[in-house]
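Here the sequence shown is numbered in this note's numbering, starting from 573 and rising by one per residue.
The beta-carbon is built from N, C-alpha and C at its ideal position, and this holds for glycine as well.
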Amino acid sequence: MNKILCCLLLLIIKPSFAFAKDALIEFTATPKQCVALHKGQDCYQNVTFQWKTPDEGRYCLLQHDSKKTVTCWSGHVVQQFEYSFKGSKTTKFILIDQSTTDLLAEVKVEVTWVYKAPKQSQSGWRLF
């Protein structure tokens with residue numbers, strides 16, 4: 573009976589430690605929005621990523637869709653990285669633990685536009 577209670581107690585306590593570890597990770601992108609002139613055009617913006625990881629280790633910042641590595645580093649201090657963003661759609665960036673490839677945090681850089689794409693006329697003919 574005591575063994576069962578101990579096992580149940582460990583199962584209940586273990587997830588709370590994992591959650592507490594994840595709560596200590598800070599990851600931000602500034603600015604969070606990139607504005608293009610027309611819909612579908614590439615947007616160009618210098619984005620500053622800033623993070624703080626709780627444990628010593630090797631971490632990487634990746635562009636989620638392409639799995640392209642932006643940068644990797646060792647340590648657990650507050651760090652930042654200036655990135656020249658170019659894109660025509662909203663892009664997610666993720667922070668991973670390099671040794672386990674676990675996802676630690678994510679942030680999105682939204683792409684918006686001033687003008688929607690120009691409307692095409694129904695026919696190729698125009699009257700004055």
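*asked:* Which same chain residues end up closer than 7 Å to E628 when comparing Cβ atoms and leaving out the 5 residues on each side of it in sequence?
replied: Translated into the one-based positions of the sequence shown, residue 628 becomes position 56. Hits under 7 Å: G647 and H648.
*Select from F665, L634, D674 and K661 the residue whose C-alpha is nearest the C-alpha of H610.*
Reading the sequence shown from its first residue, position 38 is the one you call residue 610. That would be K661, whose Cα lies nearest to the Cα of H610.
*Mapping DSSP to helix, strand and coil, what is K640?*
Along the sequence shown, read from residue 1 onward, the residue named residue 640 stands at position 68. Strand, per DSSP.
_Given the structure, does L633 come close to the ligand NAD, in the sense that its CB is under 7 Å from one of the ligand's heavy atoms?_
Ligands displayed in this structure: none; no statement on the ligand NAD is therefore possible.
*Please determine, among L596, I597 and A601, the residue with the shortest C-alpha to C-alpha distance to F653.*
On the sequence shown, position 81 is the one that residue 653 refers to. For F653, the nearest C-alpha among the options comes from A601.
*Given a threshold of 16 other Cβ atoms within 10 Å of its Cβ, counted over all protein chains shown, does Y687 qualify as buried or as exposed?*
Here residue 687 refers to the residue found at position 115 of the sequence shown. Its Cβ having fewer than 16 others within 10 Å, Y687 is exposed.
*F657 versus F665: straight-line alpha-carbon distance, rounded*: On the sequence shown, position 85 is the one that residue 657 refers to. On the sequence shown, position 93 is the one that residue 665 refers to. Cα-Cα distance, rounded: 11 Å.
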